[in-house]
Each structure stands twice: as structure tokens, then as C-alpha cells.
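Read the structure below first, then the notes.
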Amino acid sequence: MTIEQGTLVGIVGPVGSGKSALLAAILGEMNLINGQLNTNDSSFSYATQSPWIFADTFRNNILLNRPFDEQRYKHVIYACCLDVDLGLLGSSGELTMIGEKGVNLSGGQKARVALARALYGDADIYLLDDPLSAVDRRVAKQIYERCIGPYGLLKNKTRILATHQTQFLYESDQIIFLTHGYIDKQGCLKENIIREDAPNKNETSVLADMLDVNPSMADAQSIITDETSLNDGV
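Residues in the sequence shown are numbered consecutively from 0, following numbering that gives the first Met the number 0.
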């Protein structure tokens with residue numbers, strides 16, 4: 000698997016297929032059984048699937064003890080659609096105290112604060128583990144456009160997005176389809192068509208069928224198929 004600098008890579012697959020595990024492996028949090036990982040000394044920023052919030056101010060939950068860069072902070076707040084939430088926090092605004100585990104925040108707010116924390120760091124590679132699943136469809140679309148998409152805040156960064164929301168993968172430079180912890184298909188879309196009519200439970204399989212598989216991956220899949228046929232015969 001090769002990921003070019005500055006590209007948007009989508010990771011997709013059924014529940015339990017290994018999307019989060021792949022991101023953890025890229026971070027070096029899992030032992031490699033074989034092969035090697037070369038990140039060219041790139042820096043990482045990671046938004047986890049389960050956001051964590053600590054007892055401190057709204058702002059400090061984003062800064063995470065890093066120096067305050069007002070311009071960067073404002074860009075991140077806007078990109079994560081948190082500007083409206085700040086207006087609802089009253090006179091204290093971003094200095095409002097957040098309870099342990101974000102008890103006074105909604106699930107969507109916690110997810111966006113955690114995403115903002117990841118975005119605030121100026122990294123080379125951003126690993127985003129299903130960051131839009133806790134917000135409604137309209138807000139998710141806004142965050143994607145402001146943050147992750149080709150015109151968003153991270154447009155010049157390498158973005159690896161693991162998601163079940165396949166509508167956000169049609170502008171990806173590369174899509175990796177996982178099955179049972181293995182890369183099943185890898186390539187780009189044959190056509191840039193958003194399949195709004197596809198039932199949710201079939202979205203990942205529909206997307207897989209639309210992949211224009213890389214030649215090397217096609218060869219590998221052919222070998223695997225041949226080996227499987229041989230084993231079945233034995």
C-alpha cells in the first residue's frame with residue numbers, strides 16, 4: 000500500500016473489517032507481522048473513533064497544552080462547525096468549563112471538539128477514524144467540505160479517512176476496501192457518481208464494485224483467487 004503526499008485516501012469496509020486497526024498500524028500502535036512501514040519521518044495527528052474529553056475549558060480541550068495560535072484556532076473552530084456552539088455557551092464562550100468526559104456536551108459536540116483537537120496540530124498526515132458519524136447529515140457535509148475535502152482546511156495535507164459514510168469518498172484520490180483485516184480492493188472510482196439511491200447496508204459493496212482496481216492489486220487478487228481454487232481442489 001502506497002499513499003502519496005497530499006492526497007485523500009478513503010478506508011472502507013464492513014464493521015469489523017479492520018479500518019481502525021489499519022490506522023493504528025500506521026501510527027505504529029500495532030506490531031507488524033511482516034512487511035515494513037515507511038512514513039518518511041512524517042508527523043501524525045489522529046482523531047479517534049471514540050472522542051475523549053477532559054475536565055477543562057472548551058478551548059483547552061482543543062489546544063491540549065499547545066501554544067495558542069488565534070488564527071489557526073479560529074480556522075479550526077469554523078472548519079469543525081463549532082462557531083455556532085460557542086455562541087450558545089453564554090458569556091464565558093470558549094472559556095466555559097467542560098465536565099469530565101464531556102458530561103455537558105452532546106455526542107456531536109464531543110466528536111467535533113475531538114476533531115478540532117486533531118486539526119489544531121499542524122501535522123503531515125491526518126488519520127481520521129469515522130469522525131463524522133456522530134453528527135447529522137447536514138453538519139457532516141459542512142465539516143467534510145470545510146475540513147477534509149479538496150477545498151478544506153487540510154487540502155494540502157495527507158488525509159486518511161476511515162468511514163462508513165461512503166458519500167464522502169467520491170472525491171478520494173485512492174480508496175482501500177478492507178475485508179476481514181485484509182486489503183480486498185484498492186484503487187480509484189471508475190466514475191464520480193454519488194449513489195444516493197443505494198441502501199445503507201449495501202453502500203460499501205456498491206462502492207467496492209465501482210472501484211477501478213490498480214493493475215498490481217488486480218494481479219494479486221488473481222493470484223489469491225487461483226490459490227484459493229487450488230486449495231479447494233485439494
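Positions of the beta carbon are idealized from the N, C-alpha and C atoms, including for glycine.
Asked, Found
"Paired residues, beta bridge with M96 - DSSP", "T56"
"Where the alpha helix (DSSP H) through A122 begins and ends", "Note, A122: premise wrong, no alpha helix (DSSP H); not H, not E."
"Residue interval of the beta strand (DSSP E) (run including D44)", "As written in the sequence, residue 44 is Ser, which differs from the Asp given in the question. Where S44 is concerned, the enclosing beta strand (DSSP E) stretches over F43 to A46."
"Alpha-carbon to alpha-carbon, D172 and L160", "11 Å"
"Residues that Y181 bridges to, as DSSP identifies them", "T178"
"For L131 and Y264, believed in contact at Cβ under 8 Å, the rounded distance", "No information on residue 264 is available, as it lies outside the stretch 0 to 233 that the chain covers here."
"Contact test: I175 Cβ vs the ligand ADP heavy atom, cutoff 6 Å", "Ligands displayed in this structure: none; no statement on the ligand ADP is therefore possible."
"Nearest neighbour of W51, chosen from F167, I147, A115 and G92 [CA to CA]", "A115"
"One or two residues paired with A161 in a DSSP bridge", "I10 and D128"
"Under the three-state DSSP convention, the category L188 falls into", "strand"
"Three-state secondary structure (DSSP) of Q173", "strand"
"Proximal residues to L94 (C-beta, below 6 Å), its chain only, five neighbours per side dropped", "T56"
"Where the alpha helix (DSSP H) containing L22 begins and where it ends", "K18 to I25"
"Inter-residue spacing [alpha-carbon to alpha-carbon] between C80 and Y125", "18 Å"
"Beta-carbon gap between N60 and V112 smaller than 7 Å", "yes"
"Alpha helix (DSSP H) segment containing R137, residue limits", "R136 to I142"
"Local conformation of H74 per DSSP, three classes", "helix"
"Cβ shell of D196 (< 8 Å), same chain only, five flanking positions each side left out", "For D196, the predicted structure reports a pLDDT of 42, less than 50, and the residue's modelled location is therefore unreliable. A value from the coordinates is still provided. Excluding sequence neighbours, D196 sits near nothing in its chain."
"Enclosing alpha helix (DSSP H) for D82 [first to last residue]", "D82 to L87"
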